[in-house]
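Asker: Here it is, the structure, as structure tokens.
Numbering (my numbering), first residue to last: 4 to 111.
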């Protein structure tokens, strides 16, 4: 599944990008995401949804940033990720340094 830098989105998400960056202890330019809409086939869509739901249901929620955005700490690595959901799509947002870990979660 292909990831993309958050600042490159054509239509910005309904969240404060700087606030998310501060919560993740990084800069806004280092934030990447994967989303359900970027999946290229049914297998990728299924893997994304399983990973998103696994984080939402079994990882530690730290705080809600707004109604659509929640911060989670992954228990295995203490990595912080943001789950964002709107009517059209779901996003997993993370610091670029955690990309390998996030991609490996998608393969589980």
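All C-beta atoms, glycine included, are put in the ideal place defined by N, C-alpha and C.
Remember, it's a predicted structure, so these values are computed and weren't measured experimentally.
Can you determine whether any heavy atom of the ligand COA sits closer than 6 Å to the C-beta of residue 107, and answer yes or no?
Answerer: The ligand COA is not part of this structure, which contains no ligands at all.
Asker: Would you mind reading off the limits of the alpha helix (DSSP H) that contains residue 53?
Answerer: It spans 45-61 - the alpha helix (DSSP H) in which residue 53 sits, taken as one unbroken run.
Asker: I'd like the list of long-range same chain contacts for residue 1, defined as Cβ closer than 8 Å, with 5 residues on each side in sequence excluded.
Answerer: Summary: the structure shown does not reach residue 1, with the chain confined to residues 4 through 111, and so no result is reported for it.
Asker: Closest by CA to residue 6, which one among 95, 111, 110?
Answerer: Among 95, 111, 110, the Cα nearest to that of residue 6 belongs to 95.
Asker: For the alpha helix (DSSP H) containing residue 110, list its first residue and its last residue.
Answerer: Start and end: 102-110.
Asker: Please return the same chain residues whose Cβ sits closer than 6 Å to the Cβ of residue 37, not counting the five positions on each side in sequence.
Answerer: Correct list, in chain order: 4, 6, 95.
Asker: Alpha helix (DSSP H) containing residue 26: first to last residue?
Answerer: Residue 26 -> alpha helix (DSSP H) spans 20-26.
Asker: Which residues in the same chain as residue 65 place their Cβ atom closer than 6 Å to its Cβ, once the five residues preceding and following it in sequence are excluded?
Answerer: Only 74, 76 meet the Cβ criterion.
Asker: Under 7 Å Cβ to Cβ from residue 21, same chain only, skipping five residues before and after it: list those, please.
Answerer: Result list for residue 21: 31, in chain order.
Asker: Pull up the DSSP beta-bridge partners for residue 37, would you.
Answerer: Answer is 95.
Asker: What does the alpha-carbon distance come out to for the pair residue 9 and residue 41?
Answerer: Computed Cα separation, rounded: 13 Å.
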